[in-house]
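Residue numbers (the numbering used here): 9 to 105. C-beta: ideal position from N, C-alpha, C; glycine also. What follows is one structure encoded as structure tokens, with my remarks underneath.
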Amino acid sequence: KLWFSREDFFGCPFINAVGESDKADDRMRTLALAHKKIVLERLAALCAEAGAAEPVEMAHALGLVIDGAVVAALVTRNASAADVAGRACQAICAAQV
9 KLWFSREDFF
19 GCPFINAVGE
29 SDKADDRMRT
39 LALAHKKIVL
49 ERLAALCAEA
59 GAAEPVEMAH
69 ALGLVIDGAV
79 VAALVTRNAS
89 AADVAGRACQ
99 AICAAQV
């Protein structure tokens, strides 16, 4: 929530770069996918450590919630997207562990 509340919060630079780039040019998408792979691998490792039955699936679900919260906070300038995303992530975790 702190990041979403900052004056200089402009969302995720990777999401923004893909959204603003030429869709026929895959350079930005390739960079964003490389970043997403790292994030999802870390989330999956954390999910596995927490005892998730399907850590990769859980990581993808959490990643979608996180990305959605970042975009929602950027568009609405409302940091409470982090609170909603936190509750959604808690529900995903509770369902998997």
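Contact belief for VAL47 with GLY71 at Cβ below 8 Å, rounded distance in angstroms: On the sequence shown, residue 47 is found 39 positions in, with the first residue counted as 1. On the sequence shown, residue 71 is found 63 positions in, with the first residue counted as 1. Their Cβ separation, rounded to whole angstroms, is 6 Å, which keeps VAL47 and GLY71 in contact under 8 Å.
Beta carbon of GLN98 nearer than 9 Å to that of GLU62: Counting from 1 along the sequence shown, the entry for residue 98 is found at position 90. Counting from 1 along the sequence shown, the entry for residue 62 is found at position 54. Not in contact: GLN98 and GLU62 (Cβ atoms no closer than 9 Å).
Terminal residues of the alpha helix (DSSP H) in which CYS97 lies: Here the question's residue 97 lines up with position 89 in the sequence shown. Run containing CYS97: 89-104, per the alpha helix (DSSP H) assignment.
Where GLU15 sits in the DSSP three-state scheme: Residue mapping note: residue 15 aligns to position 7 of the sequence shown, counting from 1. Coil at GLU15, not helix or strand.
Reference PHE17, options THR84, CYS101 and ALA102, closest by Cα: Translated into the one-based positions of the sequence shown, residue 17 becomes position 9. The option with the nearest alpha carbon to PHE17 is THR84.
DSSP-derived helix/strand/coil call for ALA61: Taking the sequence shown and counting its residues from 1, one reaches residue 61 at position 53. Three-state result, ALA61: coil.
Short Cβ contact (9 Å threshold) for ALA90 with ALA77: Taking the first residue of the sequence shown as 1, we reach residue 90 at position 82. Taking the first residue of the sequence shown as 1, we reach residue 77 at position 69. In contact: ALA90 and ALA77 (Cβ atoms closer than 9 Å).
Local Cβ density within 10 Å of ALA52, reported as buried at 16 or more and exposed below that: Within the sequence shown, the letter at position 44 stands for residue 52. The residue is buried, with at least 16 neighbouring Cβ atoms inside 10 Å.
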